[in-house]
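**Q** Take this structure first; my questions come after.
Numbering (our numbering), first residue to last: 23 to 98.
Dropping the structure here:
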């Protein structure tokens, strides 16, 4: 997977949630807008400081995170 250079996580910004370029715009908020049925163009119009590449990386990030698997280790 290529570098997700638009996704940032800083403890002092939104409690360390994944954000877009250090802004107080979370990946979850953007993906939630798409999931609620808004088009990319509608989201861009509502948030003029967001770029199309930000939304695409947010979607890539969520897809990557959803593929993570938790492995339970057997205790001795």
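Positions of the beta carbon are idealized from the N, C-alpha and C atoms, including for glycine.
What's the gap between the Cα of residue 88 and the Cα of residue 68?
**A** Going by the C-alpha atoms only, they are around 27 Å apart.
**Q** CA-CA distance, residue 38 and residue 83?
**A** Approximately 15 Å, taken between the alpha carbons.
**Q** Kindly list the residues whose CB is nearer than 8 Å to the CB of residue 49, restricted to its own chain and excluding five residues on each side of it in sequence; keep chain order.
**A** Excluding positions up to five away in sequence, the list reads 29, 39, 40, 41, 42, 80, 83, 84.
**Q** Please report how far the alpha carbon of residue 51 lies from the alpha carbon of residue 59, in whole angstroms.
**A** C-alpha separation (whole angstroms): 13 Å.
**Q** Skipping 5 residues on each side, what residues in its chain have a beta carbon closer than 8 Å to that of residue 75?
**A** Only 28 meet the Cβ criterion.
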